[in-house]
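Number of protein chains: 2
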Amino acid sequence: MPTDLKDCLAECGLPCALEAMGDRWSFMILRAAFNGICHFEDFLDALGIARNILSNRLSRLVDEEIMQRTVCADDRRKAEYRLTDKGIDLLPALLALRQWGEKYGLGVPSNPLLADRQDGLPIGPIAIQAHDGRQLTWHDLQWLDRSEIGAPGDCCN
Amino acid sequence: MPTDLKDCLAECGLPCALEAMGDRWSFMILRAAFNGICHFEDFLDALGIARNILSNRLSRLVDEEIMQRTVCADDRRKAEYRLTDKGIDLLPALLALRQWGEKYGLGVPSNPLLADRQDGLPIGPIAIQAHDGRQLTWHDLQWLDRSEIGAPGDCCN
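Okay, here's the thing in structure tokens:
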């Protein structure tokens, strides 16, 4: 039995992502970071997480380069934890989970919500799209081995 | 300290989703289910997961109505576990995590991959979109309290 998720389904990015994230608290820490929280004590207050668990998860997120730890310029006893570009790239996954939880779990819309700065309107649902932007459902999809894939345009030849 | 993720950030769908999912193995079970696996022994083989953990996670997914358990018509000693519509709705979140893992962890594209039945081409990246379909990055977004949100079209008035 593999002790590491990476050992199963080797050619899939999902176990890699799950290994990097750690556990559910890591998702909640990222959510707080996307809300602008960056100090250890503020994560503690916002999440009600145990100090040792927070410390462990933040270290892991820093090791995975999902967050970056820097010492505060104005108080060198304090550290700041900020999302890296790699961390920011997790936003679609977090939002997809949040929207699902909203639809099935919470029963009411999440608050606060993310809106487009340009027009102040809430973002749309995170959806699966074809290469040309058409929205696809599960029933529109098929699994293919990478060797079976043509280049865009092949279908028209 | 809350013992339940639902106790923190009450107005957010993310902890609800994480509570429903359980842990990382649940994501891997769902991934296998999306690959067409439906029997207990086949999940065991595909994931290399311990029997008791698989049993526990499948029960949880059934309790959460993410999967449905039915007895096989041709062999009543065997059960089938299939994704419900609620489970299928987790696909964007799984794919967003998978694509992230592919970009940062795996280094090579996942295989097999999901393609559009219509043209046989791989799906596009899971992305954040405005209500009108424009693609948005984190830097295009702002948090708003629900009370601050206008209806679509308000920006033009």
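Protein chains in written order, with the numbering used here: chain P, 1 to 157; chain A, 1001 to 1157.
We put the beta carbon where it would ideally sit given N, CA and C, even for glycine.
Given residue i as reference, the closest of the options once Cα atoms are compared
i                       : options                        : result
residue 65 of chain P   : P:78, P:45, P:19               : P:19
residue 89 of chain P   : A:1103, A:1087, A:1086, A:1056 : A:1103
residue 1016 of chain A : P:74, P:136, P:127, P:109      : P:109
residue 137 of chain P  : A:1145, A:1138, A:1126         : A:1126
residue 111 of chain P  : A:1149, A:1058, A:1132         : A:1149
residue 1058 of chain A : A:1147, A:1096, A:1030         : A:1030
residue 85 of chain P   : A:1095, A:1142, A:1086, A:1100 : A:1100
Residue i versus residue j - alpha carbon distance
i                       : j                       : result
residue 1116 of chain A : residue 1122 of chain A : 6 Å
residue 120 of chain P  : residue 1130 of chain A : 10 Å
residue 1092 of chain A : residue 61 of chain P   : 23 Å
residue 56 of chain P   : residue 63 of chain P   : 11 Å
residue 69 of chain P   : residue 1045 of chain A : 40 Å
residue 1014 of chain A : residue 54 of chain P   : 18 Å
residue 143 of chain P  : residue 1036 of chain A : 10 Å
residue 11 of chain P   : residue 1105 of chain A : 11 Å
residue 1114 of chain A : residue 124 of chain P  : 22 Å
residue 141 of chain P  : residue 1139 of chain A : 31 Å
residue 1147 of chain A : residue 72 of chain P   : 34 Å
residue 1118 of chain A : residue 118 of chain P  : 34 Å
Contacting residues, own chain, Cβ-Cβ under 8 Å from residue i (five flanking each side not counted)
i                       : result
residue 1082 of chain A : 1033, 1038, 1067, 1068, 1070
residue 94 of chain P   : 27, 30, 31, 34
Cβ-based neighbour list, residue i, same chain, cut-off 6 Å, excluding 5 preceding and 5 following
i                       : result
residue 128 of chain P  : 136
residue 1145 of chain A : none
residue 1087 of chain A : 1066, 1067
Cut-off 7 Å between Cβ atoms - residues of its own chain near residue i, not counting five sequence neighbours on either side
i                       : result
residue 1098 of chain A : 1110
residue 21 of chain P   : 27
Interface flag, residue i vs chain D, CB-CB below 7 Å
i                       : result
residue 1144 of chain A : Although the question refers to chain D, the structure presented lacks it and instead comprises the protein chains P and A.
Would you call the region 1024-1032 of chain A and the region 1046-1053 of chain A touching, i.e. three or more CB-CB distances under 8 Å? Of all C-beta pairs linking the region 1024-1032 of chain A to the region 1046-1053 of chain A, three or more are shorter than 8 Å, placing the two stretches in contact.
Tell me, please, whether the region 29-45 of chain P touches the region 65-84 of chain P by the rule of three or more beta-carbon pairs shorter than 8 Å. As far as the Cβ criterion goes, the region 29-45 of chain P touches the region 65-84 of chain P, which means the pair count is three or higher.
May I ask you to list, following chain order, the residues of the region 1038-1052 of chain A that have a beta carbon less than 8 Å from some beta carbon of chain P? Those residues of the region 1038-1052 of chain A that come within reach of chain P (Cβ to Cβ, closer than 8 Å) are 1046, 1047, 1048, 1049, 1050.
Where the region 1081-1101 of chain A meets chain P: residues whose CB sits under 7 Å from a CB there: Residues are counted here when their Cβ sits less than 7 Å from a Cβ of chain P; for the region 1081-1101 of chain A these are 1086, 1088, 1089, 1090, 1091, 1092, 1093, 1094, 1095, 1096, 1097, 1098, 1099, 1100, 1101, given in chain order.
Identify each residue in the region 1057-1075 of chain A for which the Cβ-Cβ distance to at least one residue of chain P is less than 7 Å, and report them in chain order. Of all residues in the region 1057-1075 of chain A, none has a Cβ within less than 7 Å of some Cβ in chain P.
If the cut-off is 9 Å on Cβ atoms, which residues from the region 1117-1133 of chain A count as contacting chain P, listed in chain order? Taking a C-beta cut-off of 9 Å against chain P, the contacting residues of the region 1117-1133 of chain A are 1117, 1118, 1119, 1120, 1121, 1122, 1123, 1124, 1125, 1126, 1127, 1128, 1129, 1130, 1131, 1132, 1133, listed in chain order.
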